[in-house]
Amino acid sequence: MIQEYKGNNREARLSRVWQVLGFPERDIPLTRGGTVTPLHPGFLNRGKGPDFKNAVLQFNDDPPVTTDVEIDWTDREWRLHGHDSDSEFDSVGLRVVWDCKGTETFELNQAEPPLIRLRPFLEGPEWNWAMGLEPETTWTHPKAIRFAGKCRKVWNRMSVSEIRRALERIALVRLWNKGDGIRIRAQRLGWDQAFWESLISVLGFQKNYWPFRRLAELGSLWIQHDSDHSSVLARLSGLAGLLPNVTTKDDVESSRYLQEIWSYWWREQHYFQEFILPDSMWRRDQIRPLNFPERRLALAAFWACSGALTERVWYWANQVPGADQRSQKKWRRQLYDLLSGSARHDFWSHRANWRRRLNQPAGLMGQGLFNEIVVNAILPWIWAREYAEERAHRLIEIEQIYLNWPATPDNSRLRNLNWRLMGNKMQIRKMKAGAVQGLLGVSRFYCEKFNSLCEGCPMPDRLSREKYIH
Ligand code: SF4
342 MIQEYKGNNR EARLSRVWQV LGFPERDIPL TRGGTVTPLH PGFLNRGKGP
392 DFKNAVLQFN DDPPVTTDVE IDWTDREWRL HGHDSDSEFD SVGLRVVWDC
442 KGTETFELNQ AEPPLIRLRP FLEGPEWNWA MGLEPETTWT HPKAIRFAGK
492 CRKVWNRMSV SEIRRALERI ALVRLWNKGD GIRIRAQRLG WDQAFWESLI
542 SVLGFQKNYW PFRRLAELGS LWIQHDSDHS SVLARLSGLA GLLPNVTTKD
592 DVESSRYLQE IWSYWWREQH YFQEFILPDS MWRRDQIRPL NFPERRLALA
642 AFWACSGALT ERVWYWANQV PGADQRSQKK WRRQLYDLLS GSARHDFWSH
692 RANWRRRLNQ PAGLMGQGLF NEIVVNAILP WIWAREYAEE RAHRLIEIEQ
742 IYLNWPATPD NSRLRNLNWR LMGNKMQIRK MKAGAVQGLL GVSRFYCEKF
792 NSLCEGCPMP DRLSREKYIH
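Sequential numbering of the sequence shown, starting at 342, is according to the working numbering.
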């Protein structure tokens with residue numbers, strides 16, 4: 342039955358077996374001699390690089406090591422897929438395959454990561470269920486429970502409102518940290534530059550944080566309040582190194598627009614040569630077309646030419662709404678209009694980048710991106726400015742707004758965290774920004790600092806000591 346699965350599908354299924362079972366056997370023989378005992382399978386990586394990150398493995402009787410794991414159907418894929426010469430795979434400490442292709446390949450290059458075959462453990466009708474695992478049931482499978490975080494027991498003793506309060510306390514630490522960073526930048530460069538750095542960096546999210554951060558630092562070169570969108574976008578895309586040199590005849594619309602953009606950039610590119618970002622800074626893997634960097638640059642160009650955005654956001658922040666839901670909603674809507682008001686564009690409304698079309702039209706800033714921008718950039722900047730002006734009552738107001746801001750937390754990282762920490766006790770779709778930021782805070786302050794087995798993590802003890810669970 343296992344052999345019936347084809348190509349990527351069977352490899353994905355083998356990954357799920359590894360993820361759930363992790364693997365149940367001790368002392369699995371390595372093809373080059375010696376044994377390995379997997380203590381933790383690691384975390385599935387949906388981006389570039391090895392399939393599992395941060396697995397904990399014990400080779401022979403040596404102390405356990407944290408390393409990455411690559412899953413392939415056979416031993417040949419390692420070279421066929423070019424992993425042997427790809428630095429992204431230097432961190433691989435174990436290769437896991439269904440089987441090797443022929444006995445000669447057992448003579449493996451000692452420079453390559455060690456390899457195990459799962460076939461001897463998975464063949465036979467009693468294992469057919471394993472390859473039948475579906476993605477949505479993988480983490481909730483009873484066998485996967487042993488990979489839950491050590492703090493889960495404590496979280497599960499708490500009520501939902503106690504969990505929310507605990508997460509909100511962690512979320513506030515994130516807000517204060519961000520606010521402090523912004524305040525320090527503002528002391529050196531002014532509130533306007535600190536605003537743009539905070540705002541533009543968010544557009545890169547995790548994958549392209551650094552190129553967007555660099556573009557924000559170069560803000561004085563492209564933020565021009567008295568220019569039109571095309572000229573700002575030309576300079577911004579040119580500086581980003583994301584302007585294609587050639588047009589294609591079959592895409593008349595893109596060619597025309599690119600010619601317009603180049604009519605600005607060709608005159609000035611010479612002056613900005615030393616600031617142009619190299620293509621290697623950009624990551625494009627696992628990014629949805631809606632979030633491609635080119636679209637984010639188009640949005641940034643709208644902000645840059647919309648005029649005095651910093652002061653308009655500051656003015657908005659000081660128009661405190663009434664406590665009723667309607668006024669709150671209207672107030673949030675005003676900010677949305679401020680940030681997206683003119684961000685409608687004949688070209689970008691249906692384009693992912695200069696070449697690719699979207700399946701359906703979409704604005705440059707959807708509700709999800711708006712919420713991310715507010716929680717990660719706008720509110721921390723406002724908090725930092727209020728802090729600098731020593732308006733303590735406003736700090737408390739901003740913190741409450743931050744915790745209760747709507748969230749759109751539907752991504753796999755949050756889902757995995759929610760499972761690992763709480764066994765999905767909290768409904769992720771109902772979380773507000775405070776709970777989401779708290780979850781991310783736990784990951785940043787604790788999970789990322791300790792290994793996948795949670796060895797040495799103080800979180801369970803700290804949680805137990807917190808008075809709100811007694
Ligand atoms: S590392 Fe700490 S916070 Fe993260 S799951 Fe393990 S015990 Fe919980």
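C-beta atoms are modelled at their ideal positions from N, C-alpha and C, and glycine is treated no differently. Source: prediction; values computed, not measured.
In summary, N759 is buried, with 16 or more beta-carbon neighbours lying within 10 Å of its beta-carbon over all protein chains present. In the three-state reduction of the DSSP assignment, N350 falls in the helix class. For R357, the closest alpha carbon among the candidates G390, P454 and L459 is that of L459. Straight through space, the alpha carbons of L780 and L562 are spaced by roughly 37 Å.
Going down the chain, each residue whose beta-carbon is closer than 5 Å to a heavy atom of the ligand SF4 shows up: G490, K491, C492, Y787, C788, F791, C795, C798 and M800. By the C-beta criterion, the stretch 497 to 515 is judged not to be in contact with the stretch 613 to 620, since fewer than 3 inter-stretch pairs fall below 8 Å. The C-alpha of D425 lies about 34 Å from the C-alpha of R636. With contacts defined by Cβ atoms closer than 8 Å, L435 and V377 form a contacting pair. Taking 8 Å as the cut-off, the Cβ atoms of L679 and W655 do not count as close. Comparing alpha-carbon positions, the option among L456, E411, M706 and D533 lying closest to D392 turns out to be E411.
If the five residues before and after H381 are omitted, its C-beta is found closer than 7 Å to the C-beta atoms of G363, A396, V397, F488, S793 and L794, all from its own chain and listed in chain order. Residue environment analysis places H686 among the buried positions, since at least 16 neighbouring C-beta atoms fall within 10 angstroms of its C-beta.
Annotated three-state conformation of K491 is coil, per DSSP. Counting along the chain, F400 sits inside no alpha helix (DSSP H); it lies in the beta strand (DSSP E) bounded by residues F393 to F400. Of all C-beta pairs linking the stretch 587 to 594 to the stretch 553 to 560, fewer than three are shorter than 8 Å, placing the two stretches out of contact. Within the model, the alpha-carbon separation for V783 versus V777 is close to 10 Å. Excluding sequence positions up to five before and after C798, its CB lies within less than 6 Å of the CB of Y787 and F791, all in the same chain and listed in chain order. In this structure, P801 lies away from K773, with their beta-carbon atoms at least 8 Å apart.
In this structure, the beta-carbon distance from Y605 to A575 falls below 8 Å.
Assignment of R698 by DSSP, reduced to helix, strand and coil, places it in the strand class. Taking A507 as reference, the option from L762, E789, R770 and E796 with the minimal CA-CA separation is L762. In the structure shown, D368 falls within a coil segment according to DSSP collapsed to helix, strand and coil. Separation of V661 and Q675 (C-alpha to C-alpha, rounded to the nearest whole angstrom) is 12 Å. DSSP places W439 in the uninterrupted beta strand (DSSP E) bounded by V433 to D440.
With a minimum length of 4 residues, the unbroken runs of alpha helix (DSSP H) contained wholly in the stretch 696 to 762 fall at 708 to 714, 720 to 729 and 733 to 745. Shown here for R367: same chain residues with a beta carbon closer than 6 Å to its own, the five before and five after excluded, namely T378 in chain order. When the five nearest sequence neighbours on each side are left out, the beta carbons in the same chain lying within less than 8 Å of the beta carbon of V501 are those of K766 and M767, in order along the chain.
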